[in-house]
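Quick notes on the structure that follows.
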Amino acid sequence: MSVMTSNKHSATPTPPSRKRNSLSKGKLPRWAVPATAAGAIIIGAALSTLTGFSVATFAIYSAVLFVIAATVITSVVEGKRQGRNAMWTYLIYGSFLLALIPLASVLYTVLEKGLPGMSSHFLFTSMNGVTGAVDNQTVADGAPVLGGAYHALMGTLLITLWATVISVPVGMLTAIYLVEYGKNGPLSKAITFFVDVMTGIPSIVAGLFAAAFFGLILGPNARMGIVAAVALSVLMIPTVVRSTEEMLKIVPNELREAAYALGVRRWRTILKVVIPTAISGIASGVTLAIARVIGETAPILVTAGIASQINTNVFANWMSTLPTFIYYQILTPTSPTNIDPSVQRAWAAALLLILMVMALNLGARLIASLFAPKKGR
Amino acid sequence: MAKRIDVNALNVYYSKFLAVEDISINIEPKSVTAFIGPSGCGKSTFLRTLNRMHEVIPGGRVEGEVLLDGDDLYGPGVDPVTVRSQIGMVFQRPNPFPTMSIKDNVLAGVKLNGKKISRSDADSLVEKSLRGANLWNEVKDRLDKPGSGLSGGQQQRLCIARTIAVKPDVILMDEPCSALDPISTLAIEDLINELKSDYTVVIVTHNMQQAARVSDKTAFFNIAGTGKPGKLIEYNDTAAIFSNPEQKATEDYVSGRFG
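Quick note, the sequences are listed as chains A and B, same order. Each residue of the first sequence is one higher than the one before, starting from 1 at the first, in my numbering. Each residue of the second sequence is one higher than the one before, starting from 1001 at the first, in my numbering.
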């Protein structure tokens, strides 16, 4: 290293008036890293071609070569510590890219296969009356696919809404008890334990619980939207409790004491000071809990069944949701001989589901920023 | 307004731990009383017993009596909420409510209790309280902005305004200036001098010059050692405590030979 730096200085002699900064070290020119990357890509392509070209080997060879080369060059010019820093930096970037691959791939596939099926017809009609014969005729004529997911969309919205209506009050009140009243006594310890256990319940078990529970009360054929909502709320409640609990815990105790010292009662302090301070976190926690259950399939199948017609009454008759719609379209295509229309509908429904979850996540951010404690002077 | 406080043989506990032992003290109305003493000697703990804030901490309890103009704060059937609305408190760190504007912070004591107040009454209460806390001129043009946007000293005066808006009889201050710079401290000390004409003020401070500047009477608390309860060593006129203390421990503390 010392050789290199002294070489550099003999090449461009420093003015005699300014002595060399004894604190400075060698520094890679700005083009060095992009140049290394370009070299790694070229050699990676060459190596990959030697062993039969594929995108995967090309990417892996280039990445490995780049990390090694960049590390070596940086250590030689800038020193050992900088070299190690460079290695970890590029490794971390690499893992980030690796983690992005499945997401990008899913988004791409769903968009590619789902977009052709997206139409106002798909969004606003149900599968009522769409039979195998209809699909066969569609394929024979090359006409646009008939039938849509309106009933499943309504089912998803209604069942999730009811699940939220059940879980949010129960979950929030539990969290308030745990943080504000429980004082870590035996009851609050037991609640915390059982909430943890609930977090681990497989979704199909939650579905079977709701089906069996309503079966006992209403008879063996009690399948309707509200049963599915109960099953989903079993899955949602622990998430809501946990996120609300964490948010309430980080509200500074000083704010509670300030309210008490003004002669404010405890429940009013909780309602008007503690919850408003934590509401942005609670709201985003609730939204994420909704996003988690909106894609559940198994509990819906055993509690709300499958429907092909529109049903907006959660208290009677079977209902479909988007996940069960997708499942049913793929597993039992409407026309066993011409499955393409069913596959197209399933992908379009998948796209719709992803869009809904994304909208929920964006909504959570919006809510969080709307409710966040005000800034400004 | 401005009631007297008489404490008789008060013991303060955290669960089984006796934190402050056998305090008896008489605090005159319309006066400023300072509590001084080394860290951990129980002066803040004792201050919090004067408006039943001590029991907010799990395990916190007291024995003995605290009389506010003759009424025992710890008597049977006394609602701590009533006590706290008559004895206000200002904390060490300024703690305005982050979700509320400056105006709502001042009105917090009224609004959080769900009392209805007309807009004109609210406006005049806000102005009166903020003037009382020497903050009106600084914030009158931005009453709807959040209270957390103010400087530390302004936030502390906002907290004082919030406290006097509920018209208490007594104001307790727990090291109100320890997080503030000297200029903000001066503003608060001036304010304490003005508050004295309407309220009974009790202030805990680590700063002996501050005690000497603002208080009429001073109480010196001390602790025999770690794990021992804090005790009231000497209580007298401030001038006497600082120039001619009766106890050796007080003299050591105020002259800087101790702690």
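Built from N, CA and C at the ideal position, the CB exists for glycine as well.
Local Cβ density within 10 Å of residue i, reported as buried at 16 or more and exposed below that
i, result
"A/V388", "There is simply no residue 388 of chain A to check, as chain A begins at 1 and stops at 377 in what is shown."
"A/A133", "exposed"
"A/K27", "exposed"
"A/L355", "exposed"
"A/M236", "buried"
"A/E254", "exposed"
"B/R1052", "buried"
"A/G249", "One detail in the question is off: residue 249 of chain A reads as Lys in this sequence, not Gly. A/K249 is exposed by the Cβ-count criterion."
"B/N1222", "buried"
"A/F96", "exposed"
"B/R1048", "buried"
"A/V241", "buried"
"B/Y1235", "buried"
"B/E1194", "exposed"
"A/W162", "buried"
"B/S1085", "buried"
"A/S48", "buried"
"A/V93", "Just to set this straight, residue 93 of chain A is Tyr in the shown sequence, not Val. Classification of A/Y93: exposed, given that the 10 Å Cβ count is below 16."
CB of residue i within 8 angstroms of CB of residue j, strictly
i, j, result
"B/P1038", "B/S1101", "no"
"B/G1114", "B/A1165", "no"
"B/P1094", "B/C1159", "yes"
"A/A291", "A/L187", "no"
"B/V1081", "B/L1073", "no"
"A/A37", "A/F58", "no"
"A/T199", "A/T334", "no"
"B/Q1156", "B/I1192", "no"
"A/A304", "A/M224", "yes"
"B/V1062", "B/N1011", "yes"
"A/S62", "A/A40", "yes"
"B/D1174", "B/S1031", "no"
"B/I1233", "B/F1220", "yes"
"A/I166", "A/V251", "no"
"A/L322", "A/T156", "yes"
"A/Y90", "A/A69", "no"
"B/A1211", "B/A1034", "yes"
"A/V179", "A/E245", "yes"
"B/D1190", "B/N1134", "yes"
"B/L1143", "B/A1122", "no"
"B/P1096", "B/S1148", "yes"
For residue j and residue i, believed in contact at Cβ under 8 angstroms, the rounded distance
i, j, result
"A/V234", "A/F214", "Incorrect: roughly 13 angstroms between the Cβ atoms, too far for contact."
"B/S1015", "B/G1059", "4 angstroms"
"B/V1202", "B/L1172", "5 angstroms"
"B/T1218", "B/T1238", "5 angstroms"
"A/M358", "A/I159", "About 19 angstroms; that fails the 8 angstroms criterion."
"A/V195", "A/P144", "Actually they are not in contact, since the Cβ atoms of A/V195 and A/P144 sit about 49 angstroms apart, beyond 8 angstroms."
"B/I1087", "B/L1112", "Contact doesn't hold; Cβ gap of about 17 angstroms is too wide."
"A/A261", "A/V273", "Not confirmed; about 12 angstroms, so no contact."
"A/L115", "A/L351", "7 angstroms"
"A/P299", "A/G207", "3 angstroms"
Residue range of the beta strand (DSSP E) that includes residue i
i, result
"B/R1061", "G1060 to L1068"
"A/I275", "Looking at the DSSP string, A/I275 is not in any beta strand (DSSP E); the run it does join, the alpha helix (DSSP H), is I275 to V293."
"A/F122", "Where A/F122 is concerned, there is no enclosing beta strand (DSSP E), although the alpha helix (DSSP H) it sits in stretches over S120 to F124."
"B/K1231", "G1230 to D1237"
"B/T1218", "K1217 to I1223"
"B/A1009", "I1005 to Y1014"
"B/F1035", "V1032 to I1036"
"A/V227", "Element bounds for A/V227: not the beta strand (DSSP E) but the alpha helix (DSSP H), G225 to K249."
"B/I1087", "I1087 to V1090"
Start-to-end residues for the alpha helix (DSSP H) that takes in residue i
i, result
"A/M358", "D340 to F371"
"A/K113", "K80 to G114"
"A/A32", "A32 to L50"
"A/D141", "G132 to D141"
"B/S1024", "No alpha helix (DSSP H) contains B/S1024, which is instead part of the beta strand (DSSP E) from F1017 to I1027."
"B/D1190", "P1182 to L1195"
"B/L1130", "R1119 to G1132"
"B/D1174", "Run containing B/D1174: none in the alpha helix (DSSP H); it sits in the beta strand (DSSP E), V1170 to D1174."
"B/T1163", "G1152 to A1165"
"A/I217", "S203 to L218"
The ligand HEM heavy atom lying under 7 angstroms from the CB of residue i
i, result
"B/E1251", "The ligand content of the structure shown is nil, which means the ligand HEM is not present either."
* Mind the definition here: the stretch 96–116 of chain A touches the stretch 344–359 of chain A only if three or more C-beta pairs lie below 8 angstroms; say whether that holds. => yes
* Inter-stretch contact (C-beta, 8 angstroms, three-pair minimum) for the stretch 115–131 of chain A and the stretch 279–292 of chain A -> no
* Should the stretch 269–281 of chain A be regarded as contacting the stretch 304–312 of chain A, the criterion being three or more beta carbon pairs within less than 8 angstroms? -> no
* **At least 3 beta-carbon pairs within less than 8 angstroms: the stretch 1058–1075 of chain B vs the stretch 1003–1019 of chain B** => yes
* On the three-pair Cβ rule with 8 angstroms, is the stretch 78–95 of chain A touching the stretch 311–318 of chain A? -> no
* Any 3 or more C-beta pairs closer than 8 angstroms across the stretch 1083–1092 of chain B and the stretch 1115–1134 of chain B -> no
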